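S.K.:
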Amino acid sequence: MATTEHPPPTRIRTWMLQGLSDMGKPGGHTGPHAEPEPPHKGQRWWRVMCLTGVDYFSTLGYQPGIAALAAGLLSPIATIVLVVVTLAGALPVYRRVAEESPHGEGSIAMLERLLSFWKGKLFVLTLLGFAATDFLITITLSAADASTHLIENPHLESTLHGKQMLITLILVALLGAVFLKGFLEAIGVAVALVAAYLALNTVVVLVGMWHVLTEGHVVTDWTSALTAEHGNVFVMIGVSLLVFPKLALGLSGFETGVAVMPHVQGDPGDTEDQPKGRIRDTKKLLTAAALIMSVFLIATSFITTVLIPEKEFENGGQANGRALAYLAHEYLGNAFGTVYDVSTIAILWFAGASAMAGLLNLMPRYLPRYGMAPHWARAVRPMVIVFTLIAFLVTWIFDADVNAQGGAYATGVLVLMSSAAIAVTIAARKAGQRNWTIGFAIVSAVLLYVTVANVIERPDGVKIGACFIAGIILVSLLSRLARAFELRVTSVALDDMAERFIRDIASRKIRFIANEPDHRDKAEYRDKIEQIRADNDMPEQEDFVFLEVTLTDPSEFEAALTVRGEVLHNRYRVLTMESSSIPNALAALLLHVRDTTGCTPHVYFEWTEGNPFHNFLRFFLFGQGEVAPVTREVLREAEPDRARRPRVHTG
């Protein structure tokens, strides 16, 4: 393909766009790597689990408190319901997603295949809006909660009071800096943080259980109050189901677990089409994370409910948003409590790392491919800066308030999980797996109920998600418009007959006629040649080859071009192509012919009737319209040297 000459890039530009040239190639990575790694050279699954785990496991920092506020004395039972949904619903769904979409696209890619044309693109953009809501709010909410833990530490409360916004912005900036440095550093930090955090939580849980055993009255008091308030176990389960949507934050982590899937090492024999080892190890990752979290959720909800006075969970209470930290200080002293606070602050801050990794894997897989983002959006470092700036804006809008962001976070998580459940239900049905289809359909119904209940109770989440969706769609369409005349054919391949036509005509002057195929009978080609000769006042001995493009899905942006040659009616030579854009296909072929023959090709069009603006809209939306001037404009942008540019003639 022809390339435009550019001055040598500066050092900072080279650093910012490092790895961009490898994007889109077979085996090339679009995920969060400062330098692209060879295909399938990643990290052990348990290390990648830690990157997911900083999001998933860090919810222990606030989940027990949320459960206590939402369910009161029922918190342990409501948490058991959450665990059942996790292990029997979310885990099987995402194990199937990993199997169906092993390159990190997740359920969005599965649903994308069900829809074509612009409705498919808009549907994907809507899901990307909810994904952006989930991942970006994860970054800002976790950083805000980390700053809350820092400010409420007994040793720092007086010094840092009133500085939560500044601290949150600093934490977000530090997270962005880690990803600018490189992804491998992020995984190393995640492994250390998860190991330390889980170890400290194990200590707190064991000490809490010891106090429960030695202070037998706390269990008796809890069960007596529970029975007095709710009567029997069936009522307890019913109420737990009703409050379940408020505990939905405990389901976070599965979507990022699939999003970072390309960085799981897998087996040496894995290929891009059959990454069996990566799929197997990702299932281990998802299962291990779910089991670890389930044990901690049940244990922590129990000890915090029976050991912490109810008033301490309320706003202004010492356990509000930090129930386990309260127990750490209460039973293990301020020295251990401070260490626990530091660990909690660190993992809450770094919980944004898995979200950032998810964004960096997800967005470049769709928006540039749709032509709905600049070319540099495939590179990691510019996108890190963009996402960090957006996180700054979200933090400022919500004033670094954790509770204000909770509804948006839960909405993003639940919409993505519901879409994943629906996607695997459809996949199981297509595979003829009746039992799996029924099971996944039940999970879909449960998740949809939880999503709707959450939206009704906290509509702000949908409003925020709608803002992200509107922003993504607006920026995407403007970017697509700005790139409308870009040469977007990634490669050109000619079959033997097409090569023979080009070699033959290159010995004379290369003249093509752009023809819109209709009946493709002898009269159509004879009349077309006569018209072109008359319009351009050309002698009869001039030789022509016809160019015909069959339009495919015009909402697609980048694709390879295959050119086939055929002889019709024993006389007329025709080069046929399939493309999402007629002008782009013609321009790409002309440049390819020029580069391979060293001759300047000429192409002849007839003017299109109709309003030029309407014809441009037809080109923008449907890949056709005013073909002649658009082909010339694509050539002008692709080849700035007028002397080397293929010639476009219109009569």
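Each residue of the sequence shown is one higher than the one before, starting from 2 at the first, in this note's numbering.
Backbone N, C-alpha and C fix where the C-beta goes; we use that ideal spot for every residue, glycine too.
Predicted model, so just to flag it, every value in this text is computed and none were measured.
1) Can you name the residues that DSSP bridges to residue 514?
2) Using a threshold of 8 Å, state whether the C-beta atoms of residue 591 and residue 584 are closer than that.
3) Would you say residue 578 and residue 588 are within 8 Å of each other, going by their C-beta atoms?
4) Does DSSP classify residue 561 as helix, strand or coil?
5) Going by C-alpha distance, which of 258, 297, 293 is nearest residue 279?
6) Comparing C-alpha positions only, which one of 323, 57, 351 sits nearest to residue 179?
7) Taking the straight line between their C-alpha atoms, what separation do you get for residue 89 and residue 239?
8) Hey, could you find the ends of the beta strand (DSSP E) residue 226 is sitting in?
9) State the start and end residues of the unbroken alpha helix (DSSP H) segment that holds residue 264.
10) Identify the residues that DSSP records as bridge partners of residue 566: which are they?
11) Going by other Cβ atoms of all chains shown within 10 Å of its Cβ, with 16 needed for buried, is residue 509 buried or exposed?
12) Within the same chain, show all residues whose beta-carbon is closer than 8 Å to that of residue 227, passing over the 5 residues directly before and after it, in chain order.
13) According to DSSP, is residue 494 helix, strand or coil?
14) So, at 8 Å on beta carbons, what are the nonlocal neighbours of residue 295 in its own chain, with the 5 sequence-adjacent residues on each side left out?
15) Taking Cβ positions, are residue 389 and residue 130 nearer each other than 8 Å?
16) Per DSSP, what kind of secondary structure is residue 330 in: helix, strand or coil?
17) Use the C-beta contact count for residue 156: other C-beta atoms within 10 angstroms, 16 or more gives buried, fewer gives exposed.
18) Under 8 Å by Cβ, that's how I've got residue 324 and residue 309 pegged, so tell me the actual separation to the nearest angstrom.
19) If you draw a straight line from the C-alpha of residue 593 to the C-alpha of residue 493, how long is it?
20) Leaving out five residues on either side along the sequence, give the residues of the same chain with a beta carbon under 6 Å from the beta carbon of residue 110.
21) Between 573, 52, 70, which lies nearest to residue 317 when the distance is taken from Cα to Cα?
22) Which two residues bound the contiguous alpha helix (DSSP H) that contains residue 306?
23) With DSSP collapsed to three states, give me the class of residue 435.
24) Thinking just about the alpha-carbon of each residue, which of 255, 208, 300, 550 is nearest to the one in residue 64?
25) Return the CA-CA distance between residue 517 and residue 357, expressed in angstroms with no decimal places.
26) Among the residues of its own chain, which have a CB less than 7 Å from the CB of residue 125, if the five just before and after it don't count?
27) Please check the pair residue 297 and residue 61, which I expect to be a contact at CB under 8 Å, by giving their CB distance rounded to whole angstroms.
28) On a Cα-Cα basis, can you pick out the residue from 293, 123, 190, 387 that is closest to residue 57?
29) Report the three-state DSSP secondary structure of residue 44 (helix, strand or coil).
30) Label residue 305 either buried or exposed according to how many other C-beta atoms from any shown protein chain fall within 10 Å of its C-beta, with 16 as the threshold for buried.
31) For residue 156, does the three-state DSSP call read helix, strand or coil?
32) Determine, using beta-carbon pairs with one atom in the region 523-541 and one in the region 450-466, whether at least three such pairs fall under 8 Å.
33) Near residue 285, which residues of its chain fall below 6 Å by C-beta distance, leaving aside the five closest residues on each side in sequence?
34) Per DSSP, what kind of secondary structure is residue 484 in: helix, strand or coil?
35) Is the separation between the beta-carbon of residue 463 and that of residue 252 shorter than 8 Å?
M.R.: In brief:
1) 547, 605
2) no
3) no
4) Strand.
5) 258
6) Ranking the options by Cα distance to residue 179, first place goes to 351.
7) 18 Å
8) First-last for residue 226: 218-231, but that is the alpha helix (DSSP H), not the beta strand (DSSP E).
9) From DSSP, residue 264 is part of no alpha helix (DSSP H); its letter is neither H nor E.
10) 576
11) exposed
12) By the criterion of a C-beta distance shorter than 8 Å, residue 227 is surrounded in its chain by 74, 75, 237, once the five residues flanking it on both sides are discounted.
13) strand
14) Taken in chain order, the residues that qualify are 84, 87, 88.
15) In this structure, residue 130 does not lie closer than 8 Å to residue 389 by Cβ.
16) Three-state result, residue 330: helix.
17) exposed
18) 6 Å
19) In this structure, the CA atom of residue 593 is about 7 Å from the CA atom of residue 493.
20) 102
21) 70
22) 277-308
23) Residue 435 sits in a helix when the DSSP states are folded into three classes.
24) The shortest C-alpha separation from residue 64 is found at 300.
25) Within the model, the alpha-carbon separation for residue 517 versus residue 357 is close to 47 Å.
26) 109, 113, 367
27) 6 Å
28) 293
29) Three-state DSSP puts residue 44 in a strand.
30) Residue 305 comes out buried.
31) coil
32) no
33) 46
34) coil
35) No Cβ-Cβ contact shorter than 8 Å links residue 463 with residue 252.
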